[in-house]
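First comes the structure, then the notes that go with it.
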Amino acid sequence: MSPSTFEDNSALTSALVITRAMLAAARAEDWQQLLQLEEARAPLVHRQHHPDAATHAQLGQILACDRQLQALLVTARDALAHQWQRERDRAQAIAAYAQA
C-alpha cells in the first residue's frame with residue numbers, strides 16, 4: 001500500500017466514523033452536532049480518492065449511512081412542517097375567535 005493510498009483509506013475511515021456519528025446525532029435530533037460533524041467530514045469526503053476496492057467499499061458504507069440520514073432528515077422536516085401548520089392553524093383560530 002502506497003503512502004497516498006494509506007492516507008486515502010485513513011481519510012475515508014475517519015469520514016465513515018464521522019458519518020456514523022452524524023447518524024447517531026440525527027437519531028438523537030441533535031441538529032447542531034450533525035452540522036458540526038458534516039463540516040468536519042466534508043473535506044475528507046470531497047477530496048480525490050484512489051479507485052480501489054477498499055475505497056469503493058468505504059464510500060459505499062458512507063453512502064448507505066447518508067441514505068439513512070436523508071430519511072431521518074425528511075421525517076424530521078415533515079414533523080416540523082406539521083407542527084408549524086398546527087400552530088399556525090391554532091393562531092388563526094384564536095384570532096378568528098377574538099374577532100367574533
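Residue numbers (the numbering used here): 1 to 100.
Here a beta-carbon is modelled for each residue, glycine too, at the ideal position from N, C-alpha and C.
Is the distance from the Cβ of LEU23 to the Cβ of LEU63 below 9 Å? no
Exposed or buried, what is ARG47 when buried is set at 16 or more other beta-carbons lying within 10 Å of its beta-carbon? Classification for ARG47: exposed.
CB of ALA96 to nearest heavy atom of the ligand COA: below 8 Å? As far as ligands go, the structure on display features none, and thus does not contain the ligand COA.
Under 9 Å between C-beta atoms of LEU35 and ILE18: The answer is no: Cβ separation not under 9 Å.
Assuming ARG90 is part of the alpha helix (DSSP H), what are its boundary residues? For ARG90, the enclosing alpha helix (DSSP H) starts and ends at 53–99.
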